[in-house]
Amino acid sequence: MKHFSAVFLPLATAVIFLIVWHSLVRLSGSDLFPTPMEVVGGIRELFEKGLLLKYIVASLFRVSWGFGLAVLVGVPLGLILGWFKPAFQALNPMIQILRPISPIAWIPVAILWFGIDDTAPIFLIFLASVFPITVSSMAAVQNMQLVYLRAAQNFGIKGPQLFRRVILPAALPQIITGIRIALGIAWLVVVAAEMIAVNSGLGYLIIDARNAGKRYDLVVAGMVMIGLIGLVLDLLIRQLEKFDEVKWGYGQR
Amino acid sequence: MDKDKSLIHVRDCWKSFPGKKAGEQVHVLERVNLDVQAGEFVCVVGPSGCGKSTLLNIIGGFFKESQGEVKVAGEPVNGPDPRRIFVFQENGVFPWLTIEENIGFGLMSRPAKEREERVTHYIGMVGLTGFEKSYPRELSGGMRQRVEIARALAANADVLYMDEPFGALDFITRLKMRADLIRIWQAEKKTVLFVTHDIEEAVQLADRVVVMSKRPATVAEEVRIDLPRPRDLDSPGYLAARDRIFAIMGMDVHGGGMGDLK
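As they're listed, the protein sequences go chains A and B.
Numbering of the first sequence is given in our numbering, commencing with residue 17 and proceeding in unit increments.
Numbering of the second sequence is given in our numbering, commencing with residue -14 and proceeding in unit increments.
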């Protein structure tokens, strides 16, 4: 019964949503906004032209680079800021000022610096994801339970050993949470960046479909693909939370 | 008792913390004197918040005394030391390591074979054989506390500092843990300095109970418990020792009410 409702309820919601969508488009008499079936047709058209896969790969490529670099920079930086007080005092105010600036606001700057190629969106994705990763890694170290630190010191562990064997594993669950949030943001930002700075990718698909002939079936097709891929990315990154070394950090569920 | 040769030696120890107002000092410990001999099991009891845990943290090297002399094995305490392991109330077992990795944590510099032998030995001693590959979250509170004790023993610590280690456990588990601790202590000939607010626990465990006063705390009195182990909790000797400590702490157990806590 439990299993049945876990499958049935979301399916029912989806079916109702699609029926309402379809009816509203028909009722409004709009010839621009597509019905669900027209969107499916749009997706098929994109697939057959070979654009769908090409654009998905282009977007994922940018996200992989920008997000990957953000992890490589953000995690060590956050650990250092969380552990060394002077580093925190020196850098935290700057980070807190840069952090609330929307990555969208950086688009003109990115184009100025990097021109119209892959570097600009990668830079924007990096910027958007490096702050949540840094801040969550920093907080993870600062909020680490003192008892683990004391126990480690009691056993004579210090220096790099202390980092590797205690501080990093103690902070890891919260770091992974930050990484997960950052990946969601990265996926949001790649679409925005591709609307302006490049000529490929799912964001470009949407803006191009609108500009070149008001093909709203393709616009919504792009949106649906973005949503589905975002879901898959989150499901994938969630697998990190299942490792035995970090499971303890996520409560009893 | 030869106080000059005691393993843990605390003389005229004071500890103050900065208070809420600027320049204000809160005195937690005042003129504390304490001696523990090698191999002795000493319990420190006192009212909640009296500073007994602060004293243990000073001896363990996590806090520095404000004034006075704190020596262990003849040397002033300057930070924690792997020969003397602290067992924490809130449980310092690392949740990201398996039980065997936790118990072997203090043995990283030893050869793999020796490490393995010691881990196996102490897992058996604390009754956790079969849980080697488990993670702490899969264990009960009492089992996790045993892991922490085994981790200290495996590292071959001479002294265990225990800060209300059974405080978070249920009654039956606490009773069992006390019996286990005594068995291990007798087998291993370690020195144990054990802080608790539970007078009955102290009388069940200790060779000697150090009773502390309210804050600013000092040692009010020491009570030697010369009773054979395992202790009969209904024996006249046990009850007399218990009531004596209750009386020192200002509580009349037979009157039912609380006496003058001063």
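Ideal placement from N, C-alpha and C gives every residue a C-beta, glycine not left out.
Checklist entry - Mind checking if residue 185 of chain A is an interface residue toward chain B, Cβ cutoff 8 Å exclusive? => result Position 169 of the first sequence holds residue 185 of chain A. Taking 8 Å as the CB threshold, residue 185 of chain A lines the interface with chain B.
Checklist entry - Which residues in the same chain as residue 283 of chain A place their Cβ atom closer than 6 Å to its Cβ, once the five residues preceding and following it in sequence are excluded? => result Given that chain A is displayed from residue 17 to residue 269, the structure contains no residue 283 of chain A and the question cannot be resolved.
Next on the checklist: For residue 81 of chain B, would you say it is in contact with chain A, using Cβ-to-Cβ distances shorter than 8 Å as the test?
Outcome noted: Here residue 81 of chain B is taken as the residue at index 96 of the second sequence, counted from 1. So, interface residue.
Item to check | Reference residue 195 of chain B, options B/-6, B/29, B/8 and B/11, closest by Cα | outcome: On the second sequence, position 210 is the one that residue 195 of chain B refers to. Checked all of B/-6, B/29, B/8 and B/11; the closest Cα to residue 195 of chain B is B/29.
Item to check | Run of the alpha helix (DSSP H) containing residue 182 of chain B, from where it starts to where it stops | outcome: Within the second sequence, numbered from 1, the residue matching residue 182 of chain B stands at position 197. Counting along the chain, residue 182 of chain B falls outside any alpha helix (DSSP H), and DSSP gives it neither H nor E.
Checklist entry - For residue 3 of chain B, does the three-state DSSP call read helix, strand or coil? => result The sequence position of residue 3 of chain B within the second sequence is 18, counting from 1. Here residue 3 of chain B sits in strand by DSSP.
Next on the checklist: Under 9 Å, CB to CB, which of the residues in the stretch 147 to 162 of chain B have a partner in chain A?
Outcome noted: none
Item to check | One or two residues paired with residue 207 of chain B in a DSSP bridge | outcome: Locating residue 207 of chain B in the second sequence gives position 222, counting from the first residue. Per DSSP, B/195.
Checklist entry - Tell me the DSSP bridge mates of residue 134 of chain A? => result Locating residue 134 of chain A in the first sequence gives position 118, where the first residue counts as 1. Partner(s): none; residue 134 of chain A has no beta bridge.
Next on the checklist: Tell me which residues of the stretch 100 to 124 of chain B have at least one Cβ-Cβ distance to chain A shorter than 8 Å, keeping chain order.
Outcome noted: 120, 121 and 122
Next on the checklist: Can you list, in chain order, the residues of its chain with a C-beta nearer than 7 Å to that of residue 77 of chain B? Leave out the 5 residues immediately preceding and following it.
Outcome noted: Here residue 77 of chain B is taken as the residue at index 92 of the second sequence, counted from 1. Within the same chain, residue 77 of chain B has close Cβ partners 133.
Checklist entry - So, do the stretch 162 to 174 of chain B and the stretch 96 to 115 of chain B have three or more beta carbon pairs nearer to each other than 8 Å? => result yes
Checklist entry - CB residue 270 of chain A to CB residue 61 of chain B, shorter than 8 Å? => result Since the first and last residues shown for chain A are 17 and 269, residue 270 of chain A lies out of range.
Item to check | Reference residue 37 of chain A, options A/117, A/26, A/229 and A/54, closest by Cα | outcome: Mapped onto the first sequence, residue 37 of chain A falls at position 21. Measuring from the Cα of residue 37 of chain A, the nearest candidate turns out to be A/54.
Item to check | First through last residue of the beta strand (DSSP E) which encompasses residue 146 of chain B | outcome: The residue labelled residue 146 of chain B in the question sits at position 161 within the second sequence. Taken as a continuous stretch (DSSP letters only), the beta strand (DSSP E) holding residue 146 of chain B covers 144 to 148.
Checklist entry - What is the residue span of the beta strand (DSSP E) that residue 56 of chain B lies within? => result What you label residue 56 of chain B is simply residue 71 of the second sequence in a count that begins at 1. Element bounds for residue 56 of chain B: 52 to 57.
Checklist entry - Is it a yes or a no for the stretch 8 to 23 of chain B touching the stretch 195 to 205 of chain B, going by three-plus beta-carbon pairs under 8 Å? => result yes
Checklist entry - Going by beta carbon distance, what residues of the same chain come within less than 7 Å of residue 205 of chain B, once the five residues before and after it are set aside? => result Stepping through the second sequence from its first residue, residue 205 of chain B is reached at position 220. Within the same chain, residue 205 of chain B has close Cβ partners 196, 197, 198 and 233.
Next on the checklist: Could you tell me the alpha carbon to alpha carbon distance between residue 12 of chain A and residue 86 of chain A, rounded to whole angstroms?
Outcome noted: With chain A running from 17 to 269 in the structure shown, residue 12 of chain A is simply not present.
Checklist entry - Name the chain A residues whose beta carbon is nearer than 9 Å to that of residue 230 of chain B? => result Position 245 of the second sequence, counted from the start, is the residue given in the question as residue 230 of chain B. Correct list: empty, because the minimum Cβ distance to chain A is about 29 Å.
Next on the checklist: Relative to the C-alpha of residue 141 of chain B, which candidate in B/128, B/160 and B/175 has its C-alpha closest?
Outcome noted: Walking along the second sequence from the start, residue 141 of chain B turns up at place 156. Out of B/128, B/160 and B/175, B/175 has the C-alpha closest to the C-alpha of residue 141 of chain B.
Checklist entry - Would you call residue 50 of chain B buried or exposed, if buried means 16 or more other Cβ atoms sit within 10 Å of its Cβ? => result Walking along the second sequence from the start, residue 50 of chain B turns up at place 65. Classification for residue 50 of chain B: buried.
Checklist entry - Does the beta carbon of residue 264 of chain A sit closer than 8 Å to a beta carbon anywhere in chain B? => result For the purposes of this step, residue 264 of chain A is taken as the residue at position 248 of the first sequence. It does: the Cβ of residue 264 of chain A has a partner Cβ on chain B nearer than 8 Å.
Checklist entry - Nearest to residue 186 of chain B by CA position, among B/102, B/211, B/85 and B/156, is which residue? => result For the purposes of this step, residue 186 of chain B is identified with residue 201 of the second sequence, where counting begins at 1. Considering only alpha carbons, the answer is B/156.
Item to check | Inter-stretch contact at 8 Å, needing at least 3 Cβ pairs: the stretch 177 to 185 of chain A / the stretch 193 to 200 of chain A | outcome: no
Item to check | chain A contact residues for residue 251 of chain B, given Cβ-Cβ distances below 8 Å | outcome: Limits of chain B in this structure are -14 at one end and 247 at the other, which puts residue 251 of chain B out of reach.
Checklist entry - Closer than 8 Å, CB to CB, is residue 2 of chain B near chain A or not? => result Residue mapping note: residue 2 of chain B aligns to position 17 of the second sequence, counting from 1. It does not: the Cβ of residue 2 of chain B has no partner Cβ on chain A nearer than 8 Å.
Next on the checklist: Can you tell me where the alpha helix (DSSP H) holding residue 159 of chain A begins and where it ends?
Outcome noted: Here residue 159 of chain A corresponds to residue number 143 of the first sequence, with the count starting at 1. First-last for residue 159 of chain A: undefined, no H or E at that position.
Checklist entry - Which first and last residues belong to the beta strand (DSSP E) in which residue 16 of chain B is found? => result The residue labelled residue 16 of chain B in the question sits at position 31 within the second sequence. It spans 10 to 21 - the beta strand (DSSP E) in which residue 16 of chain B sits, taken as one unbroken run.
Item to check | Alpha carbon of residue 123 of chain A to alpha carbon of residue 132 of chain A, nearest angstrom | outcome: Here the question's residue 123 of chain A lines up with position 107 in the first sequence. Here the question's residue 132 of chain A lines up with position 116 in the first sequence. Looking at the two C-alpha atoms, the distance is approximately 11 Å.
Next on the checklist: Measuring only the C-alpha atoms, how far is residue 63 of chain B from residue 97 of chain A?
Outcome noted: Translated into the one-based positions of the second sequence, residue 63 of chain B becomes position 78. Translated into the one-based positions of the first sequence, residue 97 of chain A becomes position 81. Within the model, the alpha-carbon separation for residue 63 of chain B versus residue 97 of chain A is close to 27 Å.
Checklist entry - According to DSSP, is residue 147 of chain A helix, strand or coil? => result Taking the first residue of the first sequence as position 1, residue 147 of chain A is located at position 131. Of the three classes helix, strand and coil, the one that applies to residue 147 of chain A here is helix, per DSSP.
Next on the checklist: Does the beta-carbon of residue 33 of chain A, which I'm using as the reference point, lie nearer than 7 Å to any heavy atom of the ligand NAP?
Outcome noted: With respect to the ligand NAP, the structure offers nothing, as it holds no ligand at all.
Item to check | Residues near residue 185 of chain A by beta carbon distance below 6 Å, same chain, minus five either side | outcome: Here residue 185 of chain A is taken as the residue at index 169 of the first sequence, counted from 1. Closer than 6 Å at the Cβ level, and outside the excluded window around residue 185 of chain A, lies no residue.
Checklist entry - Would residue 198 of chain A pass as a contact of residue 83 of chain A if the rule is Cβ separation under 8 Å? => result Numbered from 1 along the first sequence, position 182 holds the residue referred to as residue 198 of chain A. Numbered from 1 along the first sequence, position 67 holds the residue referred to as residue 83 of chain A. It is a contact, given that the beta carbons lie within the stated cut-off.
Item to check | is_contact[residue 91 of chain A, chain B] using C-beta, thresh 8 Å | outcome: Taking the first residue of the first sequence as 1, we reach residue 91 of chain A at position 75. Not closer than 8 Å to any Cβ of chain B, the Cβ of residue 91 of chain A fails to qualify, so no.
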